[in-house]
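Here is the structure we will look at, set down as structure tokens.
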Amino acid sequence: MIVAKRKPLEQIEGFLEGAERVLVVGCGTCVAVCMAGGEKEVEILAEQLRMRAKLAGRRQQIDEVTVTRQCDREYFAPLAACVDQYDLLLSTACGAGVQFLAERFDHKPVLPALNTLFIGVAEGPGVWSQRCTACADCILDQTGGICPMTMCAKNLLNGPCGGTNHGKCEVDGTKDCAWTLIYRRLEKLGRLDLLKKIQLPKDYSVATKPARFTHEAFQKAENQEP
Amino acid sequence: MNDTQASHAAHGAGHELETGKAYEPKVVAYCCTYCAYTAADLAGSMRLSYSPQVRIIKTLCTGKIDALLLLKAFEEGADAVFVAGCNIGDCHFLEGNLRAIQVVAHAKHLLAEIGLEPERLEFFHIPASAGPLFAQRANQMVERAMALGPNPLRFSAHEKYGKKLQREPDSHPALPPARFGRLVTEAEREKGATPVRTPEGTIPGA
């Protein structure tokens with residue numbers, strides 16, 4: 118899932134300067150799970166902004182709505198009816214959602230309320246960690262299910278550097294050395310032979326941005342479009 | 020007037036509400052039904068007097084309370100809010116009070132962001148047997164609200180509801196006229212003289 122965190126309130130408040138009617142648009146998928154921009158968080162943010170406006174003696178109407186996802190066009194349809202009533206949309210989606218909302222309602226300013234952090238997992242309640250860098254060429258089959266592209270500070274693909282220090286990383290002593298983890302995992306699986314295979318230099322051309330992907334089942338239809 | 024009340028009056032003199040009334044803090048207490056609410060009940064049974072400015076809201080477990088509920092209380096004009104739950108390890112639902120401690124800490128952070136004093140909000144452990152402790156905590160929060168002065172949002176909340184409370188806490192909708200033992204004649208029914216109150220409103224002649 119995409120993990121994000123809310124921007125500081127001062128920054129968000131700065132975005133809203135001069136806007137009388139603001140719609141806070143939440144996203145009910147990834148950012149709802151990471152407690153940054155779902156229905157509950159939108160309610161809290163809107164409440165905070167309303168209280169700030171009242172404290173500053175500003176007349177500002179702050180409404181809230183949460184859609185299922187901001188990365189799918191169909192969920193914007195119900196918004197179309199009410200967007201024109203507002204001066205500004207504040208999106209609590211990840212960067213992708215904000216851009217898609219801005220593209221759909223390109224006559225209104227759409228501003229981000231979150232900083233998008235990474236693709237990760239929930240380690241425990243309220244704690245998330247990165248697990249994937251979307252390198253477009255997965256090698257987890259050879260590394261015991263631990264990603265050196267993400268977990269290793271130097272993105273090394275053929276074993277640890279000389280800086281591994283009792284299982285910790287030399288770049289950040291609080292983090293585990295990815296290759297120590299990989300060695301232990303492969304040892305447990307009885308697949309240490311995988312380490313003997315030399316990984317060729319990573320092909321970064323497959324991960325050039327901005328990436329675009331069309332599912333095979335839809336390629337033909339797309340080509341036939343006039 | 021005892022010492023506490025006298026000190027309240029002295030403190031409150033500086034804070035005049037728009038209506039011209041002296042500042043009387045409103046303190047909302049979210050109490051867990053198993054511990055703190057029972058303690059408040061016990062305080063009453065023990066004839067302990069504590070500040071009448073405390074409004075108790077009974078919740079099944081403090082674990083149900085979330086940051087939004089606490090923010091709403093402040094938006095609607097509460098001067099101080101406290102959440103009172105069980106002692107650690109005593110929660111009827113095992114860890115509701117532990118969750119409430121985290122939620123209150125988060126809500127304090129949210130309040131500070133808004134620009135309200137986080138001290139207006141507090142979490143207390145009050146076991147069911149501690150009637151005097153409840154009275155003490157209640158007075159403590161009222162004193163704190165006195166020292167901090169009125170919540171600046173109180174005025175906008177006051178304006179919003181036409182300078183009245185949103186709903187008078189002791190007002191109830193008028194009861195329907197008693198029908199038991201009363202002769203209702205055909206003529207009366209036809210005229211619609213015995214209105215029956217329904218949840219939707221009054222239906223004359225029903």
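Residue numbers (our numbering), protein chains in the order written: chain B, 118 to 343; chain R, 20 to 225.
Note that the Cβ used here is the ideal one computed from N, Cα and C, for glycine as well.
DSSP on residue i, reduced to helix/strand/coil?
i: GLU141 of chain R; result: strand
i: ILE315 of chain B; result: coil
i: GLY241 of chain B; result: strand
i: LEU218 of chain B; result: helix
i: ILE75 of chain R; result: strand
i: ALA29 of chain R; result: Unreliable positioning characterises ALA29 of chain R in this predicted model, as indicated by a pLDDT of 40, which lies under 50. A coordinate reading is not provided.
i: ARG66 of chain R; result: coil
i: MET118 of chain B; result: coil
i: GLY104 of chain R; result: strand
i: GLU181 of chain B; result: strand
i: CYS199 of chain B; result: helix
i: TYR56 of chain R; result: helix
i: ALA99 of chain R; result: strand
i: GLY115 of chain R; result: helix
i: ALA192 of chain B; result: Reading off the sequence, residue 192 of chain B comes out as Tyr, not Ala. In this structure, TYR192 of chain B counts as helix in the three-state DSSP scheme.
i: GLY82 of chain R; result: helix
i: LEU133 of chain B; result: coil
i: LEU126 of chain B; result: helix
i: TYR49 of chain R; result: strand
i: GLY143 of chain B; result: strand
Excluding sequence positions up to five away, which residues of its chain have a Cβ less than 8 Å from the Cβ of residue i?
i: VAL200 of chain B; result: LEU140, LEU206, PHE222 and LYS225
i: LEU11 of chain R; result: Residue 11 of chain R cannot be examined here, being either before or after the span of chain R that is shown, 20 to 225.
i: VAL150 of chain B; result: MET118 and ALA239
i: GLY181 of chain R; result: none
i: GLY290 of chain B; result: ASN282
One question on the structure: do residue i and residue j come within less than 7 Å of each other, judged by their Cβ atoms?
i: LEU298 of chain B; j: ILE256 of chain B; result: no
i: ARG153 of chain B; j: ARG123 of chain B; result: Looking at the sequence provided, one finds Ala at residue 153 of chain B rather than Arg. Yes, these two residues count as a Cβ contact at 7 Å.
i: ALA126 of chain R; j: ALA176 of chain R; result: no
i: CYS252 of chain B; j: ALA328 of chain B; result: no
i: GLY115 of chain R; j: GLY82 of chain R; result: yes
i: CYS80 of chain R; j: CYS50 of chain R; result: no
i: THR183 of chain B; j: GLY135 of chain B; result: no
i: MET65 of chain R; j: PHE101 of chain R; result: no
i: LEU213 of chain B; j: CYS188 of chain B; result: Per the sequence shown, residue 213 of chain B should be read as Ala rather than Leu. Yes, these two residues count as a Cβ contact at 7 Å.
i: MET266 of chain B; j: ASN272 of chain B; result: yes
i: ALA95 of chain R; j: GLN72 of chain R; result: Rather than Ala, the amino acid found at residue 95 of chain R in this sequence is Glu. Not a contact, by the Cβ cut-off of 7 Å.
i: LEU105 of chain B; j: ALA121 of chain B; result: Limits of chain B in this structure are 118 at one end and 343 at the other, which puts residue 105 of chain B out of reach.
i: ILE133 of chain R; j: ARG169 of chain B; result: yes
i: GLY155 of chain B; j: GLY145 of chain B; result: yes
i: ALA164 of chain R; j: VAL47 of chain R; result: no
Measuring only between beta-carbons, confirm whether residue i sits less than 7 Å from chain B.
i: PRO171 of chain R; result: yes
i: GLY5 of chain R; result: An answer regarding residue 5 of chain R cannot be provided, because it is not within the stretch 20 to 225 covered by chain R.
i: GLU138 of chain R; result: no
i: MET90 of chain R; result: What sits at residue 90 of chain R in the sequence shown is Leu, not Met. Interface residue, yes.
i: GLU178 of chain R; result: no
i: HIS30 of chain R; result: In this prediction, HIS30 of chain R has a pLDDT of 40, which is less than 50 and means its spatial position is unreliable; what the coordinates show is noted afterwards. So, not an interface residue.
i: LEU152 of chain R; result: no
i: SER175 of chain R; result: yes
i: HIS34 of chain R; result: Low local confidence applies: a pLDDT of 45 at HIS34 of chain R is under 50, so the model's placement there is unreliable, and no value is given.
i: ALA86 of chain R; result: yes
i: GLU94 of chain R; result: yes
Please decide whether residue i counts as near chain R, where near means a Cβ-Cβ distance under 7 Å.
i: LYS124 of chain B; result: no
i: ARG169 of chain B; result: yes
i: GLN165 of chain B; result: yes
i: ILE161 of chain B; result: yes
i: LEU257 of chain B; result: no
i: LEU172 of chain B; result: yes
Can you name, in chain order, every residue of its own chain whose Cβ lies under 6 Å from the Cβ of residue i, other than the five neighbours on each side?
i: HIS144 of chain R; result: ASN106
i: GLN336 of chain B; result: none
i: ILE120 of chain R; result: PHE142
i: ALA178 of chain B; result: Looking at the sequence itself, residue 178 of chain B is Gln, so the reference to Ala does not match. Once the five neighbours on either side are set aside, the close Cβ partners of GLN178 of chain B are ARG138.
i: GLY33 of chain R; result: For GLY33 of chain R, the predicted model reports a pLDDT of 40, less than 50, meaning its position is unreliable; a value from the coordinates is still stated below. Within the same chain, GLY33 of chain R has no close Cβ partners at all.
i: ALA147 of chain R; result: CYS54, THR57 and ALA58
i: CYS286 of chain B; result: ALA270, LYS292 and CYS294
i: GLY104 of chain R; result: CYS51, THR81, ASN116 and ALA119
i: LEU362 of chain B; result: Summary: the structure shown does not reach residue 362 of chain B, with chain B confined to residues 118 through 343, and so no result is reported for it.
i: PHE153 of chain R; result: ALA58, ALA59, ALA62 and ILE145
How about residue i: is its C-beta nearer than 7 Å to some C-beta of chain A?
i: ALA126 of chain R; result: Here the protein chains are B and R, and chain A is not one of them.
Looking only at its own chain, which residues have a Cβ that is under 7 Å from the Cβ of residue i, when we skip the five neighbours before and after it?
i: VAL227 of chain B; result: LEU206, SER208, VAL215, LEU218 and ALA219
i: CYS86 of chain B; result: Absent from the structure is residue 86 of chain B, since the part of chain B shown begins at 118 and ends at 343.
i: LEU303 of chain B; result: GLY261, LEU309, LEU311 and LEU312
i: LEU306 of chain B; result: GLY261
Tell me whether residue i, by its Cβ, gets closer than 6 Å to a heavy atom of the ligand SAH.
i: VAL215 of chain B; result: Ligands are entirely absent from the displayed structure, and the ligand SAH is therefore not among its contents.
Where in the stretch 230 to 303 of chain B do unbroken runs of the beta strand (DSSP E), each at least 3 residues long, occur, reported from the N-terminal end onward? For the stretch 230 to 303 of chain B, whole beta strand (DSSP E) runs of length 3 or above, ordered along the chain, are 231 to 241 and 244 to 249.
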